[in-house]
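Notes follow once the structure below has been shown.
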Amino acid sequence: MIPYGKQSINQSDLVAVEAALLSEYLTQGPRVKEFERDLERYTGAKHAVAVNSATSALHLAYLALGVGPGDEVWTTAISFVATANAALYCGASVDFVDIEPQSFNICPVSLRSKLESAVASGAKLPKVVVPVHMAGQPANMQAIGHLSKEFGFRVVEDASHALGSEYLDKRTGSCEFSDIAVFSFHPVKMITTGEGGACTTNNPEIAARIERLRSHGITRDLKEMKNTERPPYYYEQVELGFNYRITDIQAALGSSQLRRLDEFVHDRNSIAGSYGILLRDLDLDLPKVSSACKSSFHLYIVRVGSNAVETRDQLFMRLRDRGILANFHYIPIYRHPFYQEKRQYYADDFPEAEKYFDTAISIPIYPGLSQIEQLQIASALKADGA
Ligand SMILES: *Cc1c(COP(=O)(O)O)cnc(C)c1O
């Protein structure tokens with residue numbers, strides 16, 4: 006079976022993990038800090054804080070921006086549920102914005118009109134808006150940045166797909182147009198630490214708060230303490246935090262993988278280039294990358310064309326019968342029963358997300374997907390259908 010995505014682990018990754026295992030610290034040692042410095046260098050952000058998953062990173066990012074009960078967090082209708090769930094962990098409410106049909110990213114035009122109707126009806130404006138860089142193509146951050154100034158919300162980028170991508174010649178994670186960017190290091194993502202995630206930011210207070218929340222809300226920084234007369238072992242818990250720490254074993258793998266990231270991005274882009282040729286005559290809409298962006302091509306999402314003889318689900322099943330595990334990213338979050346019970350969301354409010362839901366399919370893309378496999382996938386897509 007050919008999966009839609011998978012990790013690439015090489016000898017240098019193994020050496021790095023072995024060295025961490027044989028070192029003095031398995032967790033809370035020097036390797037987490039090194040990984041964070043590596044992420045800062047790579048993204049260009051002033052601060053990086055590594056945690057045990059992107060879900061945790063989203064939770065801490067929202068908390069660090071003061072999200073709590075009574076607040077609204079808005080995100081795109083098409084994302085993994087974790088983007089929205091993390092806002093519920095904070096006691097906030099979630100609402101969704103429709104997507105752009107080309108990029109599958111949050112639509113700035115829909116966002117503006119939703120903001121304007123909230124203003125007109127006296128409804129609550131969002132405290133935080135969360136664009137998700139679908140498939141590795143950055144959202145229209147400039148437009149979202151303008152709206153954030155006009156309507157006074159903060160921006161968290163869910164960049165779980167997008168480590169290694171670029172927007173207006175800056176790497177994702179530089180936070181040029183956002184307060185915080187969040188990354189995932191799950192095995193199907195751009196680099197892996199097994200489980201893992203990180204926040205990047207240019208704001209030192211936000212970074213310090215995320216770091217403190219990662220570890221129980223405990224501080225050893227005198228400036229943050231109430232009692233300053235204290236012996237060397239002394240620390241204070243100043244707020245309620247969590248154990249969201251990443252281990253040194255994982256961080257060692259992360260640093261090693263980060264050194265390989267440019268190669269991963271290159272491989273994924275060349276597979277996307279070759280699909281562009283192999284699939285061009287099929288009744289499929291192929292992904293288009295805006296000239297403002299370089300995509301990391303975490304996913305390769307095609308859409309079944311309007312004249313196709315098969316539905317997306319028929320195509321999906323046929324690929325599966327031929328050993329190709331295509332996938333679908335993602336069911337619109339508002340369609341999940343859990344979310345439907347929270348609030349009445351109307352499918353009519355999300356016409357592009359609904360069309361996407363009917364037609365999109367993710368075909369395999371990952372470093373190491375061979376040319377023979379690419380041909381096999383192309384011919385399976387062709388056979389007696391599309
Ligand atoms: C994978 C993913 C997450 C969650 O990442 P974890 O590291 O598994 O917690 C969140 N948002 C998006 C868009 C993702 O793709």
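Here my numbering is used: the first residue of the sequence shown is 6, the next is one more, and so on.
Think of the CB as a built atom: it goes at the ideal place given N, C-alpha and C, for glycine as much as any other residue.
Keep in mind the model is a prediction, meaning the values are calculated, not measured.
I want to know whether the segment 258-268 touches the segment 349-364 - three or more CB-CB distances under 8 Å.
These segments do not touch.
Would you mind listing the beta strand (DSSP E) stretches within the segment 106-137 that are 3+ residues and don't spill past its ends, in chain order?
133-135
Would you kindly report the start and end of the unbroken beta strand (DSSP E) that includes residue 144?
Stepping through the sequence shown from its first residue, residue 144 is reached at position 139. Where residue 144 is concerned, there is no enclosing beta strand (DSSP E), given that its DSSP letter is neither H nor E.
What's the call for residue 25, buried or exposed, on a 16-neighbour Cβ count within 10 Å?
Working through the sequence shown from its first residue, we reach residue 25 at position 20. The residue in question, residue 25, is buried, as its Cβ has 16 or more Cβ neighbours within 10 Å.
Is it the case that the segment 46-59 contacts the segment 101-118, given that we only count it when at least three CB pairs across the two stretches are under 8 Å?
By the Cβ test, the segment 101-118 is not in contact with the segment 46-59, since fewer than three Cβ pairs between them sit closer than 8 Å.
For ligand 3, is there any heavy atom lying closer than 6 Å to the beta carbon of residue 137?
As far as ligands go, the structure on display features ligand 1 and does not contain ligand 3.
Under the DSSP definition of a beta bridge, which residues are partnered with residue 180?
Locating residue 180 in the sequence shown gives position 175, counting from the first residue. DSSP, once it has assigned bridges, lists no residue as partnering residue 180.
For residue 186, I'd like the list of residues in its chain whose CB is within less than 6 Å of its CB, leaving aside the five on either flank, ordered along the chain.
Against the sequence shown, residue 186 aligns to sequence position 181. Contacts found: 162, 164, 178, 180, 205.
Note down, in chain order, each residue of its chain lying with its Cβ closer than 6 Å to the Cβ of residue 357, except the 5 sequence neighbours on either side.
Position 352 of the sequence shown holds residue 357. Cβ neighbours of residue 357 beyond the five flanking positions: 103, 104, 106.
Residue 68 and residue 218 - do their beta-carbons sit closer together than 7 Å?
Numbered from its first residue, the sequence shown carries residue 218 at position 213. Numbered from its first residue, the sequence shown carries residue 68 at position 63. Yes, they are a contact pair.
Using the Cβ count rule (16 or more neighbours within 10 Å means buried), how would you classify residue 18?
One-based indexing of the sequence shown puts residue 18 at position 13. Its Cβ being crowded by 16 or more others within 10 Å, residue 18 is buried.
heavy atom of ligand 1 below 6 Å from residue 226 C-beta:
For the purposes of this step, residue 226 is identified with residue 221 of the sequence shown, where counting begins at 1. Residue 226: no, Cβ never under 6 Å from ligand 1.
Output needed for residue 39: all residues of its chain with C-beta closer than 8 Å, excluding positions within five of it in sequence on either side, in chain order.
Here residue 39 refers to the residue found at position 34 of the sequence shown. So the list reads 256, 260, once near-sequence residues are dropped.
Contact test: residue 59 Cβ vs ligand 1 heavy atom, cutoff 6 Å:
If you number the sequence shown from 1, residue 59 lands on position 54. The answer is yes for residue 59.
Which residues share a DSSP beta bridge with residue 324?
Numbered from its first residue, the sequence shown carries residue 324 at position 319. According to DSSP, residue 324 bridges with nothing at all.
Mind checking whether residue 198 and residue 190 have CB atoms under 7 Å apart?
Residue numbering aside, residue 198 sits at position 193 when the sequence shown is read from its first letter. Residue numbering aside, residue 190 sits at position 185 when the sequence shown is read from its first letter. Result yes, Cβ atoms of residue 198 and residue 190 sit closer than 7 Å.
Is the beta carbon of residue 300 within less than 6 Å of some heavy atom of ligand 1?
Along the sequence shown, read from residue 1 onward, the residue named residue 300 stands at position 295. For ligand 1, not one heavy atom lies less than 6 Å from the Cβ of residue 300.
Just curious, the beta strand (DSSP E) that residue 80 is in, first and last residue?
Position 75 of the sequence shown, counted from the start, is the residue given in the question as residue 80. Taken as a continuous stretch (DSSP letters only), the beta strand (DSSP E) holding residue 80 covers 77-81.
DSSP bridge partner residues for residue 171 (one or two, in chain order):
The sequence position of residue 171 within the sequence shown is 166, counting from 1. 176, 299, per the DSSP bridge assignment.
The alpha helix (DSSP H) with residue 66 in it runs from where to where?
The residue you call residue 66 lines up with position 61 of the sequence shown. Counting along the chain, the alpha helix (DSSP H) containing residue 66 begins and ends at 59-69.
Taking residue 331 and residue 367 to be in contact with their CB atoms under 8 Å, please state how far apart those CB atoms are, rounded to whole angstroms.
As a first step, residue 331 must be located in the sequence shown, where it is residue number 326. As a first step, residue 367 must be located in the sequence shown, where it is residue number 362. Right, the Cβ-Cβ distance comes to about 6 Å (below 8 Å), so this counts as a contact.
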